[in-house]
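**Q**
There are 2 protein chains.
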Amino acid sequence: MRFIIQRDRLVQSVQDVMKAVTSRTTIPILTGIKIVATDEGVTLTGSDSDISIESYIPKEEAGDEIVEIKQTGAIVLQAKFFSEIVKKLPTDFVEMEVQNQLQVVIRSGKSEFNLNGLDPEEYPRLPQVEEENAFKIPTDLLKALVRQTVFAVSTSETRPVLTGVNWKVENGELICIATDSHRLALRKAKIEIETAHNYNVVIPGKSLNELSKILDDNNELVEIVITENQVLFKAKHLLFFSRLLEGNYPDTSRLIPAESKTEVIVNTKDFLHAIDRASLLAREGRNNVVRLATLESKGIEISSNTPEIGKVIEELVAQSIDGEELKISFSAKYVMDALKTLEGHEIKISFTGAMRPFLIRPLNDDSLLQLILPVRTY
Amino acid sequence: MRFIIQRDRLVQSVQDVMKAVTSRTTIPILTGIKIVATDEGVTLTGSDSDISIESYIPKEEAGDEIVEIKQTGAIVLQAKFFSEIVKKLPTDFVEMEVQNQLQVVIRSGKSEFNLNGLDPEEYPRLPQVEEENAFKIPTDLLKALVRQTVFAVSTSETRPVLTGVNWKVENGELICIATDSHRLALRKAKIEIETAHNYNVVIPGKSLNELSKILDDNNELVEIVITENQVLFKAKHLLFFSRLLEGNYPDTSRLIPAESKTEVIVNTKDFLHAIDRASLLAREGRNNVVRLATLESKGIEISSNTPEIGKVIEELVAQSIDGEELKISFSAKYVMDALKTLEGHEIKISFTGAMRPFLIRPLNDDSLLQLILPVRTY
Chain V
0 MRFIIQRDRL VQSVQDVMKA VTSRTTIPIL TGIKIVATDE GVTLTGSDSD ISIESYIPKE
60 EAGDEIVEIK QTGAIVLQAK FFSEIVKKLP TDFVEMEVQN QLQVVIRSGK SEFNLNGLDP
120 EEYPRLPQVE EENAFKIPTD LLKALVRQTV FAVSTSETRP VLTGVNWKVE NGELICIATD
180 SHRLALRKAK IEIETAHNYN VVIPGKSLNE LSKILDDNNE LVEIVITENQ VLFKAKHLLF
240 FSRLLEGNYP DTSRLIPAES KTEVIVNTKD FLHAIDRASL LAREGRNNVV RLATLESKGI
300 EISSNTPEIG KVIEELVAQS IDGEELKISF SAKYVMDALK TLEGHEIKIS FTGAMRPFLI
360 RPLNDDSLLQ LILPVRTY
Chain Z
0 MRFIIQRDRL VQSVQDVMKA VTSRTTIPIL TGIKIVATDE GVTLTGSDSD ISIESYIPKE
60 EAGDEIVEIK QTGAIVLQAK FFSEIVKKLP TDFVEMEVQN QLQVVIRSGK SEFNLNGLDP
120 EEYPRLPQVE EENAFKIPTD LLKALVRQTV FAVSTSETRP VLTGVNWKVE NGELICIATD
180 SHRLALRKAK IEIETAHNYN VVIPGKSLNE LSKILDDNNE LVEIVITENQ VLFKAKHLLF
240 FSRLLEGNYP DTSRLIPAES KTEVIVNTKD FLHAIDRASL LAREGRNNVV RLATLESKGI
300 EISSNTPEIG KVIEELVAQS IDGEELKISF SAKYVMDALK TLEGHEIKIS FTGAMRPFLI
360 RPLNDDSLLQ LILPVRTY
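From first to last, the protein sequence lines are chains V and Z.
Take 0 as the starting number for the first sequence in numbering that gives the first Met the number 0 and just add one per residue.
Take 0 as the starting number for the second sequence in numbering that gives the first Met the number 0 and just add one per residue.
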């Protein structure tokens with residue numbers, strides 16, 4: 000293997016596949032990055048066996064030569080050293096050459112690194128994914144879907160299936176649901192799908208977080224292929240594989256109240272900041288709990304009280320309050336997490352009493368729903 | 000106590016005095032910030048008993064009203080909560096009021112905090128410092144003096160005096176020296192001093208680091224007052240007190256070689272980057288050691304070799320090499336730390352053989368000197 004490559008492209012690809020590499024692996028070869036040079040370009044692969052990422056660097060792009068392949072071949076290099084080295088190379092082009100006995104030479108300017116490589120034949124094969132039933136969504140929508148749900152997955156391994164996000168495809172619609180049993184996030188989106196195939200799978204939250212980091216903010220389509228135990232996301236020059244979680248995801252539809260007794264419409268940012276301030280003193284006390292009470296004068300009052308430290312009280316003007324008056328307590332963190340996913344200026348909060356879960360939704364938008372269980376204090 | 004104050008000024012002052020406050024203190028009142036309102040303005044104080052910082056907010060500045068004093072008085076507030084609260088207040092002005100029994104009300108917009116205060120009478124008095132023998136240096140020079148020496152202090156408590164920087168004032172010159180016995184940093188500067196008084200004290204490295212963070216980058220004069228066991232830095236609206244370290248600082252003058260056998264002049268940045276690259280593979284091996292060898296052709300070679308991982312070798316063109324040829328090994332970290340303090344384009348490195356300490360200095364500038372002990376490998 001021998002090629003000369005643009006340093007910045009190599010750095011970018013190495014950074015991308017590094018997202019899948021961990022030093023905490025029991026399979027030594029997975030601490031490395033696999034590099035394969037063919038006549039068409041160079042492919043890098045990183046994997047922790049749950050997530051695998053493949054980044055492809057074509058020989059040329061838009062008439063610009065990115066890689067000059069002198070000899071095809073393959074090698075595996077220690078990810079930790081290789082990623083540090085490429086970042087610090089002195090010139091814009093890098094030559095990589097495999098010599099005898101898995102010795103790799105990396106040259107850039109007057110700098111020459113000799114690294115001990117690993118046998119590429121020992122690197123595990125990526126999962127084979129049948130591409131029959133793919134569907135497509137724009138990258139920015141995919142990132143929004145992830146951001147608006149993944150924060151609500153469980154961090155506890157007591158019920159492993161809850162550490163993932165439930166993805167359901169039904170009638171040309173994708174529904175993403177995450178819950179840790181104290182709160183629930185639900186986001187729907189129309190998708191481009193050719194077949195009438197339905198899916199119901201659970202994707203690990205960690206995989207979705209890494210996927211989101213690696214994808215640029217643009218509206219190019221990402222192709223998504225779901226199989227029995229794997230999901231594959233195909234973006235430009237990038238393949239992202241994740242295993243799926245086993246087990247049945249609980250049916251959450253009956254948790255979402257269909258009716259409400261009190262409806263409040265309020266500015267998202269004002270509400271978020273008021274809760275943030277009230278939580279400053281609550282953090283130390285029991286479980287970061289703040290209180291909300293409706294006022295007679297079309298306002299709400301946000302407060303918290305931690306006797307050892309002090310108390311805080313703030314009035315907020317609501318755009319409208321309909322229905323019964325209400326006093327309710329909740330985790331400031333859960334409500335702030337939910338509010339951060341809501342992009343609109345105004346939100347509707349639907350309560351069904353102080354002991355029942357409540358819903359936060361953007362005004363006039365049914366695609367996103369955040370559900371939160373209150374805390375019993377009154 | 001009751002006053003209305005510009006929020007941004009309050010936030011800035013709280014941030015400044017917070018640098019001295021630690022939660023790891025055995026004196027409970029020192030977890031607080033002392034606030035004193037007089038007819039002239041508001042003073043905030045934070046202290047961990049080693050460092051004390053006082054920030055003064057005048058009633059008005061350049062015709063702009065900053066504080067409106069309604070009633071003078073004093074209070075101590077928990078630093079952790081107070082600092083978080085002021086940052087997140089909703090409006091540009093803040094009202095603070097002490098009510099009965101050390102209860103404090105903080106109002107901003109429709110937000111109202113009630114905090115339990117502590118008795119200001121229990122807050123320790125700041126050290127009394129006689130201001131007879133003050134000298135002055137511009138802020139930016141003071142920050143440079145600190146930055147160019149403090150990194151070389153010892154982090155080990157075996158010889159406590161080495162965790163500080165030795166400040167000597169002799170004949171209108173300030174000399175700052177730090178050493179951890181593997182390396183030494185020395186910086187000199189002319190100062191404005193009225194009396195012929197000489198000083199020789201040791202200031203804790205930690206104090207100098209905090210001082211440097213708190214001072215803005217400008218050339219206003221800082222007044223420095225040294226007493227037997229305290230140093231006081233007086234900047235605009237700011238007093239910074241630090242205790243001094245006890246014990247005699249070792250005489251380091253005999254450590255610095257007066258003559259050299261090999262002199263290399265090289266570009267600072269090129270040299271730094273080459274050592275950085277060579278150290279990438281050395282970090283894992285024994286003590287981050289890289290090698291330097293002079294070449295016949297007015298060049299130097301930087302290399303490192305860690306058999307399990309690989310090796311790196313790089314040639315660097317020197318501006319000049321005079322004297323004996325040389326092979327020497329040293330800690331990449333120590334040399335990089337030293338190089339980062341050198342602002343000039345070119346540096347002179349003076350060697351006296353592979354086993355003797357070597358000096359790095361800016362070309363044509365005697366005010367700064369970095370000394371490093373080599374590592375024996377050849």
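Backbone N, C-alpha and C fix where the C-beta goes; we use that ideal spot for every residue, glycine too.
#1: Measure from the C-beta of Z/Val103 to each C-beta in chain V and report whether the shortest distance is under 9 angstroms.
#2: Using a cut-off of 8 angstroms between C-beta atoms, extract the partners of Z/Pro27 located in chain V.
#3: With DSSP as the reference, label V/Ser82 as helix, strand or coil.
#4: Whether or not the segment 35-45 of chain V and the segment 65-74 of chain V are in contact is what I'm after, with contact meaning three or more pairs of Cβ atoms, one per stretch, closer than 8 angstroms; do they touch?
#5: Tell me the start and end of each unbroken alpha helix (DSSP H) in the segment 129-195 of chain V that is at least 4 residues and wholly inside, in chain order.
#6: Taking the beta strand (DSSP E) that V/Pro41 belongs to, which residues open and close that run?
#7: Should the segment 160-167 of chain Z be regarded as contacting the segment 263-271 of chain Z, the criterion being three or more beta carbon pairs within less than 8 angstroms?
#8: Quick check on the burial criterion: 16 or more other C-beta atoms within 10 angstroms. Buried or exposed for Z/Lys297?
#9: Please report the straight-line C-alpha distance between Z/Gly326 and Z/Leu271, rounded to a whole angstrom.
#10: Less than 9 angstroms between CB atoms is the rule here; does Z/Gly309 satisfy it with respect to chain V?
#11: How far does the beta strand (DSSP E) with Z/Asn381 in it reach, from first residue to last?
#12: What separation, rounded to the nearest whole angstrom, lies between the Cα atoms of V/Arg182 and Z/Phe81?
#13: For V/Asn115, which residues in chain Z fall below 9 angstroms Cβ to Cβ?
#14: With V/Glu258 as the anchor, note down where its beta strand (DSSP E) starts and where it stops.
#15: With Z/Val104 and Z/Glu111 assumed to form a contact (beta carbons below 8 angstroms), what rounded beta-carbon distance in angstroms separates them?
#16: Is it the case that the Cβ atoms of V/Ile190 and V/Ile52 are separated by a distance below 9 angstroms?
#17: Which residues share a DSSP beta bridge with V/Asn199?
#18: Suppose you measure from the CA of V/Gly116 to the CA of V/Leu88; what does that come to, to the nearest Å?
#19: Measuring CA to CA, which of V/Lys18, V/Phe240, V/Thr351 is closest to V/Lys79?
#20: Report the residues of the segment 311-330 of chain V with a CB closer than 9 angstroms to any CB of chain Z, ordered along the chain.
#21: Does the distance from the CB of V/Ala188 to the CB of V/Leu173 come in under 9 angstroms?
#22: Roughly how many whole angstroms lie between the Cα atoms of Z/Met95 and Z/Leu43?
#23: One question on the structure: do V/Ala408 and V/Ile136 come within less than 9 angstroms of each other, judged by their Cβ atoms?
#24: What residues in its chain sit with their C-beta under 7 angstroms from that of V/Ser12, if we drop five residues either side in the sequence?
#25: On the DSSP bridge assignment, give the partners of V/Met95 in chain order.
#26: In chain order, which continuous runs of the alpha helix (DSSP H) of length 4 or greater are located wholly inside the segment 238-300 of chain Z?
#27: Which value, in whole angstroms, describes the spacing of the CA atoms of V/Thr305 and V/Ala281?
#28: Between the segment 245-273 of chain V and chain Z, which residues of the former have a C-beta closer than 8 angstroms to a C-beta of the latter?
#29: Residues of chain V with CB closer than 8 angstroms to the CB of Z/Ile4, please, in chain order.
#30: Throw me the rounded Cβ distance for the Z/Arg355 and Z/Pro256 pair, which I believe falls under 8 angstroms.
#31: V/Asp275 touches chain Z at which residues, Cβ-Cβ below 7 angstroms?
#32: Let me know if Z/Val47 comes out buried or exposed under the rule of 16 or more other beta-carbons within 10 Å of its beta-carbon.
#33: Measure the alpha-carbon distance for V/Arg106 versus V/Ile3 and round it to whole angstroms.
#34: Span of the beta strand (DSSP E) holding Z/Val311?
#35: Based on Cα-Cα distance, which residue from V/Asp118, V/Val289, V/Asp15, V/Ile348 lies nearest to V/Leu101?
#36: The beta strand (DSSP E) with V/Val20 in it runs from where to where?
**A** From the atom records:
#1: It does; some Cβ of chain V falls within 9 angstroms.
#2: The contact set of Z/Pro27 on chain V, defined by CB atoms closer than 8 angstroms, is empty, because the minimum CB distance reaches about 13 angstroms.
#3: When DSSP states are grouped into helix, strand and coil, V/Ser82 belongs to the helix group.
#4: Touching, yes.
#5: Counting only runs of 4 or more, we get 138-146.
#6: Per the sequence shown, the amino acid found at residue 41 of chain V is Val instead of Pro. Element bounds for V/Val41: 40-46.
#7: Between the segment 160-167 of chain Z and the segment 263-271 of chain Z, the count of Cβ pairs shorter than 8 angstroms is below three; the stretches do not touch.
#8: Exposed.
#9: Looking at the sequence itself, residue 326 of chain Z is Lys, so the reference to Gly does not match. Spanning the two alpha carbons is a distance of roughly 18 angstroms.
#10: When Cβ-Cβ separations below 9 angstroms define contact, Z/Gly309 makes contact with chain V.
#11: Chain Z is shown only over 0 to 377; residue 381 of chain Z falls outside these bounds and no answer can be derived.
#12: Approximately 31 angstroms, taken between the alpha carbons.
#13: From the beta-carbon of V/Asn115, the residues of chain Z found nearer than 9 angstroms are Pro306, Glu307, Ile308, Gly309.
#14: Element bounds for V/Glu258: n/a, residue is neither H nor E.
#15: Their Cβ separation, rounded to whole angstroms, is 6 angstroms, which keeps Z/Val104 and Z/Glu111 in contact under 8 angstroms.
#16: Going by C-beta atoms, V/Ile190 is not nearer than 9 angstroms to V/Ile52.
#17: Paired residue(s): V/Lys167.
#18: Taking the straight line joining both Cα atoms gives about 19 angstroms.
#19: The shortest CA-to-CA distance from V/Lys79 to any of V/Lys18, V/Phe240, V/Thr351 is the one to V/Lys18.
#20: The segment 311-330 of chain V vs chain Z, Cβ under 9 angstroms: Val311, Ile312, Glu313, Glu314, Leu315, Val316.
#21: Cβ distance < 9 angstroms, so V/Ala188 and V/Leu173 count as in contact.
#22: Near 13 angstroms, if we compare the C-alpha coordinates of Z/Leu43 and Z/Met95.
#23: A query on residue 408 of chain V cannot be resolved here, the shown segment of chain V reaching from 0 to 377 and no further.
#24: Contacts found: Leu43, Ser54, Ile56.
#25: According to DSSP, residue pairing for V/Met95 in a beta bridge involves V/Phe2, V/Ile105.
#26: If only complete runs of 4 or more residues are kept, the segment 238-300 of chain Z shows the alpha helix (DSSP H) at 267-281, in order along the chain.
#27: Across the structure, V/Thr305 and V/Ala281 are spaced so that their CA atoms are roughly 6 angstroms apart.
#28: The segment 245-273 of chain V vs chain Z, Cβ under 8 angstroms: His272, Ala273.
#29: Within chain V, no residue comes near Z/Ile4; the closest Cβ sits about 18 angstroms away, beyond 8 angstroms.
#30: Contact between Z/Arg355 and Z/Pro256 is confirmed by a C-beta separation of about 6 angstroms, below the 8 angstroms threshold.
#31: Close to V/Asp275, with beta-carbon spacing below 7 angstroms, are these residues of chain Z in chain order: Lys87.
#32: Per the sequence shown, the amino acid found at residue 47 of chain Z is Asp instead of Val. Z/Asp47 is buried by the Cβ-count criterion.
#33: Going from the Cα of V/Arg106 to the Cα of V/Ile3 covers about 9 angstroms.
#34: That run of the beta strand (DSSP E) goes 309-316.
#35: Per the Cα distances, V/Asp118.
#36: Neither: V/Val20 is in no beta strand (DSSP E) and is coded neither H nor E.
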